Every structure is written in C-alpha cells, then in structure tokens.
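Peer 1: In terms of our numbering, the sequence shown is numbered consecutively and its last residue is 388.
Glycine is no exception: its CB is placed at the ideal position from the N, C-alpha and C atoms.
Everything numeric in this text was worked out from a predicted model, so none of it was measured.
Here it is: the structure, laid out below.
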Amino acid sequence: MNSPTVSVVMSVFNGGSFLSQAVESILHQSFEDFEFIIVDDGSTDASASTLDGFQSRDARIHVVHQKNTGLVHALNRGCALARGKYIARMDADDIALPDRLASQVEFLESHPTVVLLGGAVDFIDARGNKLHTARYPAADTAIKRALLDSSVFWHPTVLMSRRAFVCLGGYRNVPDAEDYDLWLRMAEIGELANLSQVLLRYRVHAQQVSVLRCRTQALGSLAARASAVARRRGDCDPLHRMSEITASLLSANGVSDRSLQTTIARSYLSSIRNMFLLRDHASALNMLGVLHSSGFEHAERWVISDSHLCAAKVYWSQAKYIRCLFSCVVAVIKRPIVLGRPFKSALRAIFAT
36 MNSPTVSVVM SVFNGGSFLS QAVESILHQS FEDFEFIIVD DGSTDASAST
86 LDGFQSRDAR IHVVHQKNTG LVHALNRGCA LARGKYIARM DADDIALPDR
136 LASQVEFLES HPTVVLLGGA VDFIDARGNK LHTARYPAAD TAIKRALLDS
186 SVFWHPTVLM SRRAFVCLGG YRNVPDAEDY DLWLRMAEIG ELANLSQVLL
236 RYRVHAQQVS VLRCRTQALG SLAARASAVA RRRGDCDPLH RMSEITASLL
286 SANGVSDRSL QTTIARSYLS SIRNMFLLRD HASALNMLGV LHSSGFEHAE
336 RWVISDSHLC AAKVYWSQAK YIRCLFSCVV AVIKRPIVLG RPFKSALRAI
386 FAT
C-alpha cells in the first residue's frame, strides 16, 4: 500500500455534538491524498460508535480505541501510526476549511526547509457564529522572535514534517502546552511559517475554560520557554528533571515572579475575553474575581489594567454603570497610558476616511 502524502491525526474524548462536523470537514477536503487517524481516548459518550460509523464508510479513516490516557499520549499514539510525509493536526470540535490541506501541502512542497506550517483562524461560538479572526506572524524570523513570548501557532491548523516530529521524539508531557513546547523545539531544527489565509474555524465554548486549566497552561508555557532558553545556553533541558511542573520548580530554573505572574494573568485574561465574546458574563466575572484576588503584585501593569477594562465592559453590558466606572478608574490607576486609547482610536478613524 502506498503511503499517503498527509496523515491527519485527531484525538477524541467525548466529542459530543461537534464531532461529526469536525470529521466531515476533513473528509470533504479538496486535497484527497490523506489518511485520517482518530484516537478515541476512552470516550464515555457516543463518540466511539460515531467514529466506527465513519470508518465503515470511508477507507481513509483508521480509528483506534483505547483507555483514557490524556491528550499527549493519545496524540503520540496517533502520530506513531502516521505513514504520511506530513502530519496534520485536527481537533474534535473544530471545522477545517475545504482547501486547508491543499494550500498547506502546496506551500510545504515548494518550501522544503519549512518543518512547521500554521495559518489564520476564525473563532466561532457553539452555533458557528463568527466571533473574530486571528492571524499570526508569517515569516520564519518573525515567528521565532514571537515564540520567545508566546505560541504563534494554533494547534489544529498545523501541518508538520513527520520526519522532524519523529526526530524530536514527538510531544512531551507538558500539560496544556505540549504544542508550544514542540514548536520551540522545531524552531531549533528548521524553518517555520504561517499562511495568511484562514484554514480553520475554531470553536470557543465554556467547557474549554477553567481556572485550573488557565494556571496549568501558563505553568506549562513557562516550562517550555525555560527549557528553550536552557537549550540555547547549552545547558541540560530542565523538563527532563521535572516530574511535575510547579511554580517553585520554575523559580528554581530561573523563571522570575514577574514572568510567572504575568503569564498566569495573561492566560486568565485570554479566557475572560473569550467568555465575554460568548456573552457568558457570569463566567467572565468569576474568572476576573479569581484574577483580581490572586495578589499578582509582580505582574506587568498592562495585563492587570486590561483585566479591569474587561471588567468594565462586562459591567457596562449589564448596565452596572457605577461598577463600570470604578473598574475604569482602577485600570487608569494601574496604567495611566490607557487614557490615550480613545484618542488613538479617534485619530485612526479620522485618517482612515
């Protein structure tokens, strides 16, 4: 049997009502030379039977059922079965646009030094309504510079070299930041790129967000970054010595309180903004309460200021104008420069006309 050009890998745990649409978005790709490896990671809903039904109707699908092991182990198992030249990631609640694989394969075939390729994303709500579009740096130099601060790839848009993936040993157990850790390691062995076109519709819903996950993701991101810095210095990778990622271990490996608190606060803030877009004001205010009670005295002032501006937006939408005004005042106290934002917006509007 000839190997396909692309191996699409998806991990599923209780995919629910979004699963079929995600699978169909891959099956309906304009580029057809692919296999679709789906790891059912111990689902307790109807996902297993749904996937078996797809497998019976399309020979490109290979479903693997296993006990729940978590995302990292499930992805590594799926990628270990991949036979394609490239590995494409896909999640069980998103929608790949029809030309996603065609565009990415065309780019990588004409840019053989690129080992990792992502693209732009449309964020949608549970009903499929568009919330906003996110685009990321496109050129290798800009991407590698930005990666030192945060991830600039959206995981389920990625198409990567299978050879590079295997060379690096796949995903490492960095909870909620296994992708960022892999991107940082791939940056050390090849070029990276993002397409400017939208490749995916990424579904945002409340089940994705929790205080614990925000903190875990922040700690994982810091660990991945600290490891990348250590490797650049020629030191031993600290992740090899970490059985569990904790704030104290990060501090022992050179992560400052400022960086720790700012990264955790940014993770909260990102989720708060998503909850606001979903009009889930109760969840947004709950997470804002957690953030503001965390005592992040070393966090960069801009992130705390922006969190109070987010609170002001929520209160304004609820017609709680006194609380809105109070949040605005606190935001200005934390970072007076925010007073200039309305004037900048006005100037942009004037010169755009």
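1) According to DSSP, simplified to helix, strand and coil, what is L257?
2) How about T148 and E226: are their beta carbons less than 9 Å apart?
3) So, are the CB atoms of V209 and V107 less than 9 Å apart?
4) The beta strand (DSSP E) that contains Q232, what's its start and end?
5) What's the C-alpha gap between L182 and L219?
6) Short of 7 Å in beta carbon distance, which residues of its chain neighbour F200, apart from the five on each side in sequence? Order them along the chain.
7) What runs of the alpha helix (DSSP H), each 4 residues or longer, lie entirely inside the segment 135 to 213?
8) With 16 other CB atoms within 10 Å as the buried threshold, where does C271 fall?
9) Confirm, please, whether the CB-CB distance from S196 to V150 is below 9 Å.
10) From A81 to M310, what distance separates their C-alpha atoms?
11) Please report the distance separating the alpha-carbon of R170 from that of Y303.
12) Can you name, in chain order, every residue of its own chain whose Cβ lies under 8 Å from the Cβ of Q252, other than the five neighbours on each side?
13) Is the segment 254 to 267 close to the segment 230 to 237, with three or more CB pairs under 8 Å?
14) Straight-line CA distance for S185 to E335?
15) Counting pairs of Cβ atoms below 8 Å between the segment 124 to 133 and the segment 53 to 63, do you hit three or more?
16) Just list the residues that DSSP pairs F392 with in beta bridges.
17) Answer yes or no: do I339 and R370 have a C-beta to C-beta separation smaller than 9 Å?
18) Tell me the DSSP secondary structure of I122 in three-state form.
19) Of the choices H333, I372, E332 and S305, whose alpha-carbon is the least far from that of A346?
20) Go through its chain and collect everything with a Cβ distance to P273's Cβ below 7 Å, but skip five positions before and after it.
21) Kindly indicate which residue of D157, S352 and R135 has the alpha-carbon position closest to the one of F66.
22) Considering Cα atoms alone, identify which of G105, V41 and A94 is closest to F48.
23) Taking H97 as part of the beta strand (DSSP E), name the residues at either end of that continuous run.
24) By how many angstroms is the C-alpha of S91 removed from the C-alpha of C249?
25) Return yes when at least one heavy atom of the ligand GDP lies under 8 Å from the C-beta of G105, else no.
26) Just grab the DSSP bridge partners of I130 for me.
27) With DSSP as the reference, label D341 as helix, strand or coil.
28) Short of 7 Å in beta carbon distance, which residues of its chain neighbour Q296, apart from the five on each side in sequence? Order them along the chain.
29) Mind checking H343: buried by the 16 CB within 10 Å criterion, or exposed?
30) For the candidate residues H327, V349, E223 and F142, whose alpha-carbon lies nearest to that of C202?
31) Less than 9 Å between the beta carbons of A300 and L326, yes or no?
32) For S38 and A173, what's the separation of their Cα atoms in angstroms?
33) Out of L247, R180 and I72, state which residue places its alpha-carbon closest to the alpha-carbon of A228.
34) Can you tell which of L230, T176, D216 and S294 has the C-alpha that lies nearest to the C-alpha of H275?
35) Residues in the same chain with beta-carbon distance under 7 Å from I96, minus the five sequence neighbours each way, listed in chain order, please.
36) Checking the sheet assignment: what are the DSSP bridge partners for S291?
Peer 2: Quick answer:
1) One-based indexing of the sequence shown puts residue 257 at position 222. The three-state reading of DSSP puts L257 in helix, counting H, G and I together.
2) Here residue 148 is taken as the residue at index 113 of the sequence shown, counted from 1. Here residue 226 is taken as the residue at index 191 of the sequence shown, counted from 1. Contact check for T148 against E226 passes: the beta carbons are separated by less than 9 Å.
3) Counted from its first residue, the sequence shown places residue 209 at position 174. Counted from its first residue, the sequence shown places residue 107 at position 72. Cβ distance < 9 Å, so V209 and V107 count as in contact.
4) Sequence index remark: in the sequence shown, residue 232 carries index 197 (1-based). Segment E226 to R238, the beta strand (DSSP E) holding Q232.
5) Taking the first residue of the sequence shown as position 1, residue 182 is located at position 147. Taking the first residue of the sequence shown as position 1, residue 219 is located at position 184. A direct Cα-Cα distance of roughly 7 Å separates L182 from L219.
6) Counted from its first residue, the sequence shown places residue 200 at position 165. Taken in chain order, the residues that qualify are C114 and I122.
7) Those alpha helix (DSSP H) runs which fall completely within the segment 135 to 213 and span 4+ residues are 135 to 145, 175 to 182 and 197 to 202.
8) As a first step, residue 271 must be located in the sequence shown, where it is residue number 236. Result: exposed.
9) As a working mapping, residue 150 is identified with position 115 in the sequence shown. As a working mapping, residue 196 is identified with position 161 in the sequence shown. Result yes, Cβ atoms of V150 and S196 sit closer than 9 Å.
10) In the sequence shown, counting from the first residue as 1, residue 81 sits at position 46. In the sequence shown, counting from the first residue as 1, residue 310 sits at position 275. Roughly 27 Å separates the two Cα atoms.
11) The sequence position of residue 170 within the sequence shown is 135, counting from 1. The sequence position of residue 303 within the sequence shown is 268, counting from 1. Here the alpha carbons of Y303 and R170 stand approximately 21 Å from one another.
12) Within the sequence shown, the letter at position 217 stands for residue 252. Cβ contact annotation for Q252 (same chain, cutoff 8 Å, sequence separation greater than five): P210, D211, A212 and S302, in chain order.
13) Judged by Cβ distances under 8 Å, the segment 254 to 267 makes no contact with the segment 230 to 237, as fewer than three pairs qualify.
14) Residue mapping note: residue 185 aligns to position 150 of the sequence shown, counting from 1. Residue mapping note: residue 335 aligns to position 300 of the sequence shown, counting from 1. Straight through space, the alpha carbons of E335 and S185 are spaced by roughly 15 Å.
15) Counting Cβ pairs under 8 Å, three or more are found: they touch.
16) Nothing can be reported for residue 392: it is not among the residues displayed for the chain, which extend from 36 to 388.
17) Within the sequence shown, numbered from 1, the residue matching residue 339 stands at position 304. Within the sequence shown, numbered from 1, the residue matching residue 370 stands at position 335. A contact, by the Cβ cut-off of 9 Å.
18) Within the sequence shown, numbered from 1, the residue matching residue 122 stands at position 87. Correct three-state label for I122: strand.
19) Walking along the sequence shown from the start, residue 346 turns up at place 311. If we check each option's Cα against that of A346, S305 comes out closest.
20) The sequence position of residue 273 within the sequence shown is 238, counting from 1. Result list for P273: A261, S262, A265 and N288, in chain order.
21) Locating residue 66 in the sequence shown gives position 31, counting from the first residue. Nearest C-alpha to F66: R135.
22) Translated into positions along the sequence shown, residue 48 becomes position 13. Per the Cα distances, G105.
23) Position 62 of the sequence shown, counted from the start, is the residue given in the question as residue 97. Looking at the DSSP string, the run of the beta strand (DSSP E) that includes H97 is I96 to Q101.
24) The residue you call residue 249 lines up with position 214 of the sequence shown. The residue you call residue 91 lines up with position 56 of the sequence shown. If you draw a straight line from the Cα of C249 to the Cα of S91, it is about 38 Å long.
25) The ligand content of the structure shown is nil, which means the ligand GDP is not present either.
26) Taking the first residue of the sequence shown as 1, we reach residue 130 at position 95. In DSSP, I130 forms a bridge with R236.
27) The sequence position of residue 341 within the sequence shown is 306, counting from 1. Helix.
28) The sequence position of residue 296 within the sequence shown is 261, counting from 1. If we look at Q296 and ignore the five residues flanking it on each side, its Cβ neighbours are F331, H333 and A334.
29) Within the sequence shown, residue 343 is the residue found at index 308, counting from 1. Under this definition H343 is a buried residue.
30) One-based indexing of the sequence shown puts residue 202 at position 167. Between C202 and the set H327, V349, E223 and F142, the nearest pair of CA atoms involves E223.
31) Within the sequence shown, numbered from 1, the residue matching residue 300 stands at position 265. Within the sequence shown, numbered from 1, the residue matching residue 326 stands at position 291. L326 sits close to A300, with the two beta carbons spaced by under 9 Å.
32) Translated into positions along the sequence shown, residue 38 becomes position 3. Translated into positions along the sequence shown, residue 173 becomes position 138. Roughly 30 Å between the two C-alpha positions.
33) Locating residue 228 in the sequence shown gives position 193, where the first residue counts as 1. The residue from L247, R180 and I72 with its alpha-carbon nearest to that of A228 is R180.
34) By 1-based counting over the sequence shown, the position of residue 275 is 240. Checked all of L230, T176, D216 and S294; the closest Cα to H275 is D216.
35) Reading the sequence shown from its first residue, position 61 is the one you call residue 96. So the list reads F71, I73, F89 and Q90, once near-sequence residues are dropped.
36) The sequence position of residue 291 within the sequence shown is 256, counting from 1. Answer is none; S291 lacks a bridge partner.
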